[in-house]
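Residue numbers (the numbering used here): 993 to 1119. Working notes, structure below.
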Amino acid sequence: MELVKSFFDAYSLQSAKLYVSSSFKAAETSKIWNNGAPYDLIYFFEHLSKLVHALHKWVKRNKKKSNNIVIKNLIQTYSIKQWETNLNYILCYALSNHSLFEASVDLAVLHFYEIVNQLIENAYLMI
993 MELVKSFFDA YSLQSAKLYV SSSFKAAETS KIWNNGAPYD LIYFFEHLSK LVHALHKWVK
1053 RNKKKSNNIV IKNLIQTYSI KQWETNLNYI LCYALSNHSL FEASVDLAVL HFYEIVNQLI
1113 ENAYLMI
């Protein structure tokens, strides 16, 4: 998959996981993400969103094949709309001085964090 390859051309596995970890931590606290310019995080989330969309399309096309069942299970944890909404929440609150909790956002943050990390790790194995 070309989009998976381009994601990991832009980010190493380690740096992608660092962006995910630091953004989730910032979204859960009142601290604003400051690991570089905010544009770095926005750019990362644009790429992450494209990766999710590409994997979602790949799963739809390969529904009956037994290719990478782990990716299929991870991507199907949420609808594409839920993926977008959840990623948007993390990005917005990582760049805000308010936390998800303070805003009463209904998101199982730890679960979503684990799914995103596993998705990135398994997508990396596809290249």
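Yeah, the Cβ is synthetic: ideal placement off N, Cα and C, and Gly gets one too.
- Here Gln1068 carries a coil assignment [DSSP, helix/strand/coil].
- Around the CB of Val1044, 16 or more other CB atoms lie within 10 Å, so the residue is classed as buried.
- Exposure of Tyr1031 is indicated by the presence of fewer than 16 other C-beta atoms within 10 angstroms of its C-beta.
- Taking C-alpha positions only, Thr1077 is separated from Tyr1070 by approximately 10 Å.
- Contact between Ser1015 and Ile1082 holds: CB atoms are separated by about 6 Å, below the 8 Å threshold.
- Taking a contact to require three or more Cβ pairs closer than 8 Å, the stretch 1100-1119 and the stretch 998-1012 qualify as touching.
- Three or more Cβ pairs closer than 8 Å define a contact, and the stretch 1007-1023 meets that threshold against the stretch 1097-1114.
- No beta strand (DSSP E) of 3 residues or more sits fully in the stretch 1046-1096.
- In this structure, Met993 sits away from Ala1029, with a CB-CB distance that is not shorter than 8 Å.
- Closest in C-alpha terms to His1090, from the list Trp1075, Ala1018 and Lys1057, comes Ala1018.
- Leu1117 carries a coil assignment under DSSP once its states are collapsed to helix, strand and coil.
- When C-alpha distances from Phe1093 are compared across Thr1021, Tyr1105 and Val1012, the shortest belongs to Thr1021.
- Beyond the five residues adjoining it in sequence on each side, Phe1104 comes within less than 7 Å, by CB distance, of Asn1078 in the same chain, given in chain order.
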